[in-house]
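Peer 1: Dumping the structure here so I can ask a few things about it.
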Amino acid sequence: MASDPTSRPSLTLAGKAAIALFLVACVGGAFYWARQRHVLPDRLSAGVGGKDVEVGIAYGTEKQRWLQWAVEQFKTTSEGKHIHINLIPMGSLEGAHAALNGDQRIQVWSPASAVYKNTFVEDWQAKYGSDPILKEDALALTPMVFVMWEERYQAFQAHYGTVDFDTINRALHEPGGWQTIGQQPGWGLFKFGHTNPGDSNSGILALLLAGHGYFKKTDDLSLGDVTNVQFQSWLGKLESATNSDSNSTGNLMREMVLKGPSSYDALLVYESVAIDYLKNAEGRWGPIHVIYPEYNIWNENPYYILNASWSSDDQRKGAQAFLDFLLSDSIQKESITHGFRPANPNVPTRTPDSPWTKYQPNGVKLDLGKICTPPKAEIVTNLLASWQRRDASH
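Laid out in structure tokens, this is it:
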């Protein structure tokens, strides 16, 4: 009998099963890749070939103890097993110059302050023709403080009535030194220090806050202010007797604590650095007193993910992952033990065990006086030029 031309070969049971499995695999695969399209751009995934990536962070040493601790904690996370953080200690301006000069180790620049940011951006744009910063966020806040050995602070305060750049300038030029200031000839001359403004943000801030104090203003300093003949003469006198050899605020404070009053009577440093060393100082040379300048400024410890040609997408994602980790509640809480004020608003600072409670007898306090406006690039440039010319002449 002739076959029916409309009939089709029937599928076997095995054939039906194979087709069913194929359809399930197609649907499942489509669902998986649809999810991956949303996951990969936001996070560095270990699924990117399962490969490791290194992220270099040029950072100011005032954050060293906290960041080293945070890196060890990060290693215990799933992301930290594939993202390796290379901490590169550098003075804040030193890190900026290294990035500008193409140091390929650096994916993130994290200075103590944003005071040099505008100058860095202008220099990068002039050299590379693009914006240097892909992402930025504040890690922790800290103001500036004077630190002075308690016994010498009491004598200084009794003689001058206050600690500021003007009285420090006067003390530096007292012919009899501590004999005139506090009837203590054995203490020698008054010794004051801050970091090198050409290498470190805190050095620039010393010049900047000296200017705000001189003109008694919180608003922007103008070019007319910083080039004012009387101000230039006063600042030159201050800086001529100030030790500004150190390129690191942390190292400067460490030297004061290690060597005692024979090295420095007073410094200008970050509050976080002062707090981090208060306990060590008391056990060696006696207590240190913390004094807040009347005109102060916030240092945000910014974290800049750089738009550098040598950084891969995986490195940029790794830098973002570590930033998210640093801003988490537990890591921010640890920053308090090192004297930082958390950038994460969920983490409280007014607690019984906080440094601002424990070290109140040393002068540490949460509330500040007058907060100054961050400077424009031209102000930083001219203050630096003025300082460098003075330094070159000595």
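For what it's worth, the working numbering labels the leading residue of the sequence shown as -16, then goes sequentially. In this text, a Cβ means the ideal position worked out from N, Cα and C, and glycines have one as well. Bear in mind the structure is a predicted one, so any value in this text is a computation, not a measurement.
On the three-state DSSP scale, how would you describe Y287?
Peer 2: Walking along the sequence shown from the start, residue 287 turns up at place 304. Here Y287 carries a strand assignment [DSSP, helix/strand/coil].
Peer 1: Quick one: Cα of I288 to Cα of A97, how far?
Peer 2: The residue labelled residue 288 in the question sits at position 305 within the sequence shown. The residue labelled residue 97 in the question sits at position 114 within the sequence shown. Approximately 14 Å, taken between the alpha carbons.
Peer 1: Find out if the Cβ-Cβ distance for the pair P325, S318 is shorter than 8 Å.
Peer 2: Taking the first residue of the sequence shown as 1, we reach residue 325 at position 342. Taking the first residue of the sequence shown as 1, we reach residue 318 at position 335. Yes, these two residues count as a Cβ contact at 8 Å.
Peer 1: Where do the ends of the beta strand (DSSP E) carrying W422 lie?
Peer 2: A query on residue 422 cannot be resolved here, the shown segment of the chain reaching from -16 to 377 and no further.
Peer 1: What is the residue span of the alpha helix (DSSP H) that G186 lies within?
Peer 2: In the sequence shown, counting from the first residue as 1, residue 186 sits at position 203. It spans 184 to 198 - the alpha helix (DSSP H) in which G186 sits, taken as one unbroken run.
Peer 1: In the region 92 to 143, which residue ranges form an unbroken beta strand (DSSP E) of at least 3 residues, counting only runs that do not cross its ends?
Peer 2: 116 to 121, 127 to 132
Peer 1: Please report how far the alpha carbon of G171 lies from the alpha carbon of P344, in whole angstroms.
Peer 2: For this step, residue 171 is matched to residue 188 along the sequence shown. For this step, residue 344 is matched to residue 361 along the sequence shown. One C-alpha to the other measures close to 27 Å.
Peer 1: For H142, which of P338, Q162, W132 has the nearest alpha-carbon?
Peer 2: The residue given as residue 142 occupies position 159 in the sequence shown. For H142, the nearest C-alpha among the options comes from Q162.
Peer 1: If you scan the region 312 to 364 from start to end, which runs of the alpha helix (DSSP H) of 4 or more residues do you find wholly inside it?
Peer 2: 312 to 320, 338 to 341
Peer 1: Which partner residues of Y278 appear in the DSSP bridge assignment?
Peer 2: Indexing the sequence shown from 1 puts residue 278 at position 295. According to DSSP, Y278 bridges with K353.
Peer 1: Thinking just about the alpha-carbon of each residue, which of D208, K341, K300, N179 is nearest to the one in D259?
Peer 2: Indexing the sequence shown from 1 puts residue 259 at position 276. Nearest option by C-alpha distance: K341.
Peer 1: Any idea which residues DSSP pairs A41 with across the strands?
Peer 2: Residue numbering aside, residue 41 sits at position 58 when the sequence shown is read from its first letter. Note: A41 sits in a beta bridge opposite I71, W92.
Peer 1: Are any of the Cβ atoms in chain B nearer than 8 Å to that of I164?
Peer 2: Annotation note: the requested chain B is absent from the structure, which comprises a single protein chain.
Peer 1: For the candidate residues H321, N84, L310, whose alpha-carbon lies nearest to that of A291?
Peer 2: Position 308 of the sequence shown, counting from 1, holds the residue named residue 291. Of H321, N84, L310, the residue nearest in Cα terms is N84.
Peer 1: For V212, is the classification buried or exposed, using 16 other Cβ atoms within 10 angstroms of its Cβ as the cut-off for buried?
Peer 2: In the sequence shown, residue 212 corresponds to position 229, counting from 1. Exposed, because fewer than 16 other Cβ atoms sit within 10 Å of the Cβ of V212.
Peer 1: What does the alpha-carbon distance come out to for the pair P357 and K242?
Peer 2: Taking the first residue of the sequence shown as position 1, residue 357 is located at position 374. Taking the first residue of the sequence shown as position 1, residue 242 is located at position 259. Distance between the alpha carbons of P357 and K242 is about 34 Å.
Peer 1: Residue range of the alpha helix (DSSP H) that Y260 falls in?
Peer 2: Your numbering for residue 260 matches position 277 in the sequence shown. Run containing Y260: 254 to 267, per the alpha helix (DSSP H) assignment.
Peer 1: Using a 10 Å radius around the Cβ and a threshold of 16 neighbouring Cβ atoms, would you call R135 buried or exposed?
Peer 2: As a first step, residue 135 must be located in the sequence shown, where it is residue number 152. R135 comes out buried.
Peer 1: Determine contact between the region 170 to 187 and the region 235 to 252, defined as no fewer than three beta-carbon pairs at a distance below 8 Å.
Peer 2: Yes, the region 170 to 187 is in contact with the region 235 to 252.
Peer 1: Do S223 and Q90 have their CB atoms nearer than 8 Å?
Peer 2: Taking the first residue of the sequence shown as 1, we reach residue 223 at position 240. Taking the first residue of the sequence shown as 1, we reach residue 90 at position 107. No, these two residues do not count as a Cβ contact at 8 Å.
Peer 1: Ends of the alpha helix (DSSP H) at L201?
Peer 2: What you label residue 201 is simply residue 218 of the sequence shown in a count that begins at 1. Correcting the residue identity first, residue 201 is Thr in this sequence and not Leu. That residue, T201, is in no alpha helix (DSSP H); it is neither H nor E in DSSP.
Peer 1: By Cβ distance, which residues of its chain are closer than 8 Å to A53, with the 5 residues on each side in sequence left out?
Peer 2: Translated into the one-based positions of the sequence shown, residue 53 becomes position 70. F308, L309, I314, E317.
Peer 1: Hey, out of Y278, H67, T60, K100, whose CA is closest to A82's CA?
Peer 2: Position 99 of the sequence shown, counted from the first residue, corresponds to residue 82. When the alpha-carbon of A82 is set against those of Y278, H67, T60, K100, the nearest one is in K100.
Peer 1: Compute the distance between the beta-carbons of N282 and L124, then report whether it is under 8 Å.
Peer 2: Start at 1 with the first residue of the sequence shown, and residue 282 comes out as number 299. Start at 1 with the first residue of the sequence shown, and residue 124 comes out as number 141. Contact flag set, yes.
Peer 1: Would you call the region 230 to 246 and the region 112 to 121 touching, i.e. three or more CB-CB distances under 8 Å?
Peer 2: no
Peer 1: What are the start and end residues of the alpha helix (DSSP H) that includes D248?
Peer 2: Taking the sequence shown and counting its residues from 1, one reaches residue 248 at position 265. Taken as a continuous stretch (DSSP letters only), D248 belongs to no alpha helix (DSSP H), as it is neither H nor E.
Peer 1: What's the C-alpha gap between D182 and G159?
Peer 2: What you label residue 182 is simply residue 199 of the sequence shown in a count that begins at 1. What you label residue 159 is simply residue 176 of the sequence shown in a count that begins at 1. The straight-line gap from Cα to Cα measures roughly 33 Å.
Peer 1: Among L206, M73, A368, E157, which one has its Cα closest to the Cα of N230?
Peer 2: Against the sequence shown, residue 230 aligns to sequence position 247. By alpha-carbon distance to N230, the top candidate from L206, M73, A368, E157 is M73.
Peer 1: Does the Cβ of D228 have 16 or more other Cβ atoms within 10 Å, making it buried, or fewer, making it exposed?
Peer 2: The residue you call residue 228 lines up with position 245 of the sequence shown. D228 should be labelled exposed.
Peer 1: Would a C-beta distance cut-off of 8 Å place H272 and W49 closer than the cut-off?
Peer 2: Indexing the sequence shown from 1 puts residue 272 at position 289. Indexing the sequence shown from 1 puts residue 49 at position 66. For H272 and W49, no; Cβs fall outside 8 Å.
Peer 1: Work out the CA separation of K58 and D25 for me, nearest whole Å.
Peer 2: Within the sequence shown, numbered from 1, the residue matching residue 25 stands at position 42. Within the sequence shown, numbered from 1, the residue matching residue 58 stands at position 75. Residue placement at D25 is poorly supported in this model, since its pLDDT is 39, which falls under 50; the coordinates are not used for a value here.
Peer 1: Can you tell me the Cα-Cα spacing of T364 and I187, whole angstroms?
Peer 2: Translated into positions along the sequence shown, residue 364 becomes position 381. Translated into positions along the sequence shown, residue 187 becomes position 204. Each residue's alpha carbon lies about 10 Å from the other.
Peer 1: Decide if Q371 is buried, meaning its Cβ has at least 16 other Cβ atoms within 10 Å, or exposed.
Peer 2: The residue given as residue 371 occupies position 388 in the sequence shown. With fewer than 16 Cβ atoms within 10 Å of its Cβ, Q371 is classed as exposed.
Peer 1: With which residues is V36 paired in a DSSP beta bridge?
Peer 2: On the sequence shown, residue 36 is found 53 positions in, with the first residue counted as 1. DSSP, once it has assigned bridges, lists I66 as partnering V36.
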